[in-house]
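> Dropping a structure here in structure tokens format, bear with me for questions.
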Amino acid sequence: MRAPARETRHLFMPQSEKDPPTQTPSVLIFGGHDPSGGAGIAADIATLLALGCHPLVVITAITVQNTKELKRYQLLDPELVAAQAQALIEDAPIAACKSGMLGSAAIVAAVAATVAALPEVPLVVDPVLHADRGGRLGEDDLVAALRSSLLPRATLVTPNIDECRALTSTADPDRAAEALAALGCGNVLVTGTHAATPDVVHRLYQAPGDTVEESQWPRLDGVFHGSGCTLAAAAAAHLAHGESLADAVNHALRYTWESVRRAYRPGAGQEVPRRLWPVREVNR
Ligand code: PLP
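Using my numbering, you'd call the opening residue of the sequence shown number 3 and step up by one each time.
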């Protein structure tokens, strides 16, 4: 017999018999809206909910895309981005921050000013520059602004090989991590999904120059939309729960691989990671 879903039990249970409250840390996310639900803030929200966090969502851009192609994007007014974040930080304690698509130097500046007011809070930066199916997700001034104002504040930055090349002019993971360290990035996870290797090899450089931890995963067949967003949001979730950086990254890598392994195809294009798998499996 199948157990009733957790939600149903709560609805019919008297208040005193509810499960004890659990810690639900809030994570402040900055990113673009992808209407296909594959990437961007929809991916972040699903990941954070699956991993027991509450998402506080600041939208930076509206994109026009489906699972097949990116058609265009429209950035929001940087002042509106800053105001969304300000309203949230006045209200709720924030356990971690995560940025995705920022799109322009002016929006990077708005985000950098917001996180400067939260100096103790870990920040995960996914340096989104392009859609994985092709098409830019930012203006010409984006890379320089990320390098000068946001990467130096990052607790963790999660570039793939293409983003390493754009940010540091080298796709060699060791040299890219060194160059990012020189900018002041605390820790760098160079992801291996875009590299032409049989298995996917991710490299975590902690206090770059000091330690490198390699983690190897069987490459899954298919092209997945929003896996980078999932990974960075999962790392932010685990940091929000108070894990060490190495634990947060390793747990985020496992969660992302498991989400991609269960991916599904909602449209005619790329597959989308099944991010709510832990919730479904608990409630079954
Ligand atoms: N954010 C938005 C709004 C996007 O549209 C995309 C890709 O299309 C991304 C982030 C990055 O997605 P991925 O996780 O596949 O790198």
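C-beta: ideal position from N, C-alpha, C; glycine also.
What you are looking at is a predicted structure, and each value in this text was computed from that prediction instead of being measured.
In the DSSP assignment, the beta strand (DSSP E) including N2 goes from what residue to what residue?
The chain is shown from 3 up to 286; residue 2 falls before or after that span and cannot be answered.
> Quick one: what's P57 bridged to in DSSP?
V29.
> Leaving out five residues on either side along the sequence, give the residues of the same chain with a beta carbon under 8 Å from the beta carbon of I31.
I43, D46, I47, L50, P57, L58, V59, V60, C99, K100, S101, G102, A235 and A238
> What's the C-alpha gap between G228 and T258?
10 Å
> Between which two residues does the alpha helix (DSSP H) harbouring L185 extend?
P175 to L185
> For T160, which option in A178, R277, G136 and E92 has the closest C-alpha, if you only look at C-alpha atoms?
A178
> Report yes if the CB atom of P80 is closer than 8 Å to the CB atom of A108, and no otherwise.
yes
> If you reduce the DSSP assignment to three classes, tell me which class G228 lands in.
Here G228 sits in coil by DSSP.
> Less than 7 Å between the CB of Q76 and some heavy atom of the ligand PLP, yes or no?
no
> CB of C187 to nearest heavy atom of the ligand PLP: below 7 Å?
no
> Relative to the alpha-carbon of R205, which residue among K70, A198 and Q218 has its alpha-carbon at the smallest distance?
From the listed residues K70, A198 and Q218, the smallest Cα separation to R205 is found for Q218.
> Taking the alpha-carbon of A209 as reference, which of E245, C55, G194 and T157 has the nearest alpha-carbon?
Among E245, C55, G194 and T157, the Cα nearest to that of A209 is on T157.
> CA-CA distance, D201 and E165?
So the alpha carbons of these two residues sit roughly 20 Å apart.
> Name the one or two DSSP bridge partners that S101 has.
F32 and V127
> With S151 and A198 assumed to form a contact (beta carbons below 8 Å), what rounded beta-carbon distance in angstroms separates them?
Contact doesn't hold; Cβ gap of about 33 Å is too wide.
> When burial is assigned at 16 or more other CB atoms within 10 Å of the CB, is R277 buried or exposed?
When all chains shown are included, R277 counts as buried.
> Out of curiosity, what's the CA-to-CA distance linking L185 and T232?
25 Å
> How many angstroms separate the CA atom of Y207 from the CA atom of N189?
Each residue's CA atom was taken as its position, placing Y207 and N189 some 6 Å apart.
> Quick one: give me the first and last residue of the beta strand (DSSP E) that Q76 is part of.
Its beta strand (DSSP E) spans residues L72 to L77.
> Are the Cβ atoms of K73 and A270 separated by less than 8 Å?
In this structure, the beta-carbon distance from K73 to A270 does not fall below 8 Å.
> Does any heavy atom of the ligand PLP sit closer than 7 Å to the C-beta of H204?
No, the beta carbon of H204 sits no closer than 7 Å to any heavy atom of the ligand PLP.
> Compute the Euclidean distance between the alpha carbons of C55 and A181, then round it to the nearest angstrom.
32 Å
> Do you know offhand how far D249's Cα is from A242's?
12 Å
> Skipping 5 residues on each side, what residues in its chain have a beta carbon closer than 6 Å to that of F14?
Bear in mind that the predicted position of F14 carries a pLDDT of just 34, short of 50, making it too unreliable to give a figure here.
> The ligand ATP and G271: does any heavy atom of the ligand fall closer than 7 Å to the residue's C-beta?
Here the bound small molecules are the ligand PLP; the ligand ATP is not part of this structure.
> Helix, strand or coil: which one does DSSP assign to N162?
strand
> Below 8 Å on the Cβ atoms is my contact criterion, and I expect L125 with R155 to pass it. Report the Cβ-Cβ distance as a whole number of Å.
6 Å
> Hey, would you say the C-beta of L139 is under 7 Å away from at least one heavy atom of the ligand PLP?
Yes.
> For Y266, which beta-bridge partners are listed by DSSP?
V274
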